[in-house]
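Those protein sequences? They're chains A and B, same order as listed. Going by my numbering, the final residue of the first sequence carries number 349, and the count climbs one at a time with no gaps. Going by my numbering, the final residue of the second sequence carries number 594, and the count climbs one at a time with no gaps. C-beta: ideal position from N, C-alpha, C; glycine also. These numbers come from a predicted model, not from an experiment. Okay, structure first, notes after.
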Amino acid sequence: MAEILRGRARSRQGLFREWIRTRTPANSWPALVGLAVFVAMLGLQQLIEPGTQRLLTSVFLFVALAQAWNIIGGYTGYASFGQVAFFGLGAYTVAVLMNSYHVSFWAALPVAVVVGVVFAVAIGVPLLRLRGHYFAIATLGAAEGAREVINNLTSVTGGGGGITIPTFGTDAPTPYFGKPGFYLAFLVLAAVSVALATVLARSRFGYSMVAVHEDEDAAGAIGINTTVVKVVAFGVSAAIVACAGAFYAFQQIEFYPTDVFDASFTVLMVIMVVIGGSGSVGGPLVGAVGLQLLSQFLRVNLGSFNQLIFGAIIVLVVVFFPQGVVIYVRDAWRTRHFSVLDNVRRYRL
Amino acid sequence: MLEVRHLAKRFGGLWALRDVSFSVSEGEILGVIGPNGAGKSTLVNLITGHARPTTGQVLIAGQDVTGRRPWVIAHDRVARTFQIVKPFRGLTVRENVAIGAMHGNERDGSVRDALATADELLELVGIAKHAHAAPTQLSVADARRLELAKALASRPRLLLIDEVMAGLRHHEIESAVELIHRLRDSGITIVAVEHVMKAIVSVSDRILVLHHGSILALGSPREVLSDPRVVEAYLGHRYVNRRSE
């Protein structure tokens with residue numbers, strides 16, 4: 001008994017070493033499936049037409065964004081409605097550096113990530129004291145504020161007139177990637193964010209995020225520094241989003257503050273995570289892929305009514321699978337209980 | 350191990366605690382009793398940093414920790430349970446305990462080690478068979494055992510238990526009392542807040558009685574139980590009068 005009450009190995013291990021060490025054949029399949037999908041997507045690129053390539057590129061973008069939102073909104077339980085601020089700041093950092101200072105994209109990218117993280121920490125320290133609706137509204141306000149600052153810093157950002165990244169000739173700090181290049185870039189970004197979320201979820205930090213989500217008093221009582229957990233989760237989320245914003249900016253070449261600070265980016269992240277299943281790695285993945293493909297399918301096949309049908313489908317999914325599709329399937333599979341009606345009853349108050 | 354000096358806490362116009370001073374030596378079990386609203390849970394909250402005292406000091410192993418954040422105090426190897434159980438609902442019972450073993454001063458080096466520790470602790474408190482259940486599926490008694498296992502997972506030297514025995518059946522109380530004695534024998538100093546008089550008398554070395562936020566009595570179980578003021582606070586003065594007649 002006395003032995004239980006002392007710590008085991010005192011050595012502290014990094015995330016990846018711990019993850020590698022705890023692999024067994026039974027728990028390695030998600031990693032193997034993920035790798036297989038990644039390779040398949042690389043191969044698929046050779047077979048598809050440019051239109052499909054563009055669609056998949058946007059799917060990859062939203063996979064990364066949804067995974068990022070899930071870290072703070074899903075695992076940690078702080079529903080941020082200001083994530084687009086990091087997207088816009090990442091985009092503008094890259095654009096300004098490439099346009100005005102002739103910095104290469106690869107040098108500007110880490111700066112964009114740092115800017116996103118610094119902003120997240122700066123607003124996170126005061127705002128993460130708020131909970132629920134208050135946090136949601138405060139982050140929404142912070143994002144609107146960030147857009148207005150960019151909008152009014154005309155001398156640096158070009159203001160409402162937009163900004164253009166030089167991409168051709170000797171003016172270009174980095175040659176344009178083109179469609180195949182951005183397909184690859186966003187595929188890697190999506191893969192990295194899924195891998196990061198997977199490793200994070202089963203780490204000490206991952207458990208800390210869930211503990212903070214469930215009960216901050218209880219988390220504090222067992223020694224979790226809840227402030228640090230919240231701010232770090234917010235920062236990691238912001239890093240991914242800012243990185244995505246940086247690639248997005250380069251892909252767009254020319255854009256306005258209203259494009260990259262568009263609150264509908266945030267809303268889509270939230271919807272994708274909620275529909276897929278928050279607090280799981282599969283949820284945002286399925287939500288992002290499913291919703292992007294569905295929305296494209298409806299646009300092509302339904303004409304002017306596509307948005308109406310799209311909205312109706314979202315409402316129906318939320319009503320029937322309030323916990324998210326992935327979590328429903330996982331629980332139903334475990335308990336061998338597939339009744340959708342029972343599911344609705346279980347989650348209704 | 351624990352010293353409390355002139356501790357007071359005011360909520361608006363109400364003094365939940367007033368000038369409370371006592372100390373607990375290493376390896377001792379101090380029982381804290383008192384009627385509803387006497388300030389028992391407030392006392393625990395002030396010691397573990399879940400509330401800040403209005404005035405007064407809390408010293409742990411001679412160090413002033415007054416007003417520190419809960420996790421700072423937890424890292425000083427102080428653990429607690431909550432009167433209203435606070436399980437992490439989205440996780441299994443086993444994972445709930447493992448989180449405790451992942452943090453604090455004596456933490457396990459990896460998630461896997463923490464899960465192994467959790468298995469041992471679930472065995473110790475007697476809910477090993479529910480390891481993979483959701484905490485919401487546990488009975489009241491088992492949920493309180495889970496609270497205790499979570500607290501033990503952070504390897505405390507000082508353990509504050511807030512009504513772990515409330516709602517337990519007779520034979521369950523006996524095994525809980527035995528468990529608390531075993532914990533003390535392994536070197537943990539314990540402050541046990543309880544409502545169940547019978548349980549606290551058999552578990553404690555000394556008993557502190559709180560009434561309206563102040564100390565009414567402090568002494569051995571026998572002294573405290575024979576103190577007429579304690580009897581009056583608990584059973585009302587009519588009972589005292591009748592007994593003295």
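Taking the C-alpha atoms as reference points, what is the distance between residue i and residue j?
i: B:K389; j: A:N27; result: 46 Å
i: B:A483; j: A:R345; result: 19 Å
i: B:I433; j: B:A465; result: 27 Å
i: B:V474; j: B:R518; result: 16 Å
i: A:W29; j: A:L35; result: 10 Å
i: A:R336; j: B:T430; result: 35 Å
i: B:A502; j: B:R493; result: 14 Å
i: B:L395; j: B:D413; result: 13 Å
i: B:R555; j: A:S339; result: 56 Å
i: B:V513; j: A:I20; result: 39 Å
i: B:V579; j: B:K547; result: 14 Å
i: A:G160; j: A:Y256; result: 6 Å
i: A:S58; j: B:L495; result: 46 Å
i: A:F234; j: A:A136; result: 13 Å
i: B:V530; j: B:I539; result: Residue identity check: residue 530 of chain B is His in the sequence provided, not Val. Going by the C-alpha atoms only, they are around 9 Å apart.
i: B:P570; j: B:R426; result: 28 Å
i: A:L259; j: A:L47; result: The amino acid at residue 259 of chain A is misidentified as Leu; the sequence shows Asp. Looking at the two C-alpha atoms, the distance is approximately 31 Å.
i: A:I314; j: B:E455; result: 47 Å
i: A:M272; j: A:L128; result: 23 Å
i: A:P322; j: A:S278; result: 10 Å
i: A:V39; j: A:L32; result: 11 Å
i: B:L363; j: B:T397; result: 21 Å
i: A:G141; j: A:V118; result: 17 Å
i: A:H102; j: A:Y176; result: 14 Å
i: B:G361; j: B:P384; result: 21 Å
Buried or exposed, going by whether 16 or more other CB atoms sit within 10 Å of the CB of residue i?
i: A:I163; result: buried
i: B:L565; result: buried
i: A:V318; result: exposed
i: B:P505; result: buried
i: A:Y183; result: buried
i: A:R204; result: buried
i: A:P301; result: The question names Pro, yet the displayed sequence has Asn at residue 301 of chain A. Exposed is the call here.
i: B:R443; result: buried
i: B:S575; result: exposed
i: A:N99; result: buried
i: A:W333; result: exposed
i: B:I510; result: buried
i: A:L293; result: exposed
i: B:S374; result: exposed
By Cβ distance, which residues of its chain are closer than 6 Å to residue i, with the 5 residues on each side in sequence left out?
i: A:T174; result: S104, F105
i: A:T266; result: F81, Q83, V84
i: A:G295; result: Note that residue 295 of chain A corresponds to Ser in the displayed sequence, not to Gly. Within the same chain, A:S295 has close Cβ partners F310.
i: A:D342; result: none
i: A:A201; result: V281
i: A:L298; result: N306, I309, F310
In chain order, what residues of the same chain have a beta carbon less than 8 Å from the beta carbon of residue i, not counting five sequence neighbours either side?
i: B:V369; result: V353, H355, L356, A357, G388, L392, G405, L559, G562, S563, I564
i: A:G220; result: T226
i: A:G276; result: A66, G282, G283, P284, L285, V286, G287, A288, G290, G324, V325, V326
i: A:P180; result: Q45, Q53
i: A:A197; result: Q67, N70, I71, V281, P284
Could you spell out where the beta strand (DSSP E) holding residue i opens and where it closes?
i: B:E352; result: 351-360
i: B:Q406; result: 404-409
i: B:G380; result: 378-382
i: B:V373; result: 363-373
i: A:T227; result: That residue, A:T227, is in no beta strand (DSSP E); its alpha helix (DSSP H) goes 226-252.
Near residue i, which residues of its chain fall below 7 Å by C-beta distance, leaving aside the five closest residues on each side in sequence?
i: A:A41; result: Checking the sequence shown, residue 41 of chain A turns out to be Met, not Ala. These residues qualify, in order along the chain: L187.
i: A:T157; result: Y92, V96, I150, I163
i: B:H544; result: E512, A515
i: A:L189; result: F60, A64, C243, A244, F247
Under DSSP, the alpha helix (DSSP H) around residue i begins and ends at which residues?
i: A:I275; result: 263-276
i: A:T198; result: 178-201
i: A:D259; result: 257-260
i: B:D511; result: Not the alpha helix (DSSP H): B:D511 falls in the beta strand (DSSP E), residues 507-511.
i: A:R54; result: 50-69
i: B:R571; result: 570-575
i: A:Q143; result: It is worth fixing the name first, because residue 143 of chain A is Ala in this sequence and not Gln. Start and end: 132-152.
i: A:A211; result: 204-214
i: B:T391; result: 389-396
i: B:A428; result: It is not in any alpha helix (DSSP H) - B:A428 instead sits in the beta strand (DSSP E) that spans 427-429.
i: A:T335; result: 325-335
(message) Would the stretch 66-78 of chain A count as touching the stretch 204-211 of chain A if we require 3 or more Cβ pairs under 8 Å?
(response) yes
(message) So, does the stretch 112-132 of chain A touch the stretch 283-296 of chain A, judging by three or more C-beta pairs under 8 Å?
(response) no
(message) Taking 8 Å as the cut-off, does the stretch 408-425 of chain B touch the stretch 485-493 of chain B (at least 3 CB pairs, one atom from each stretch)?
(response) no
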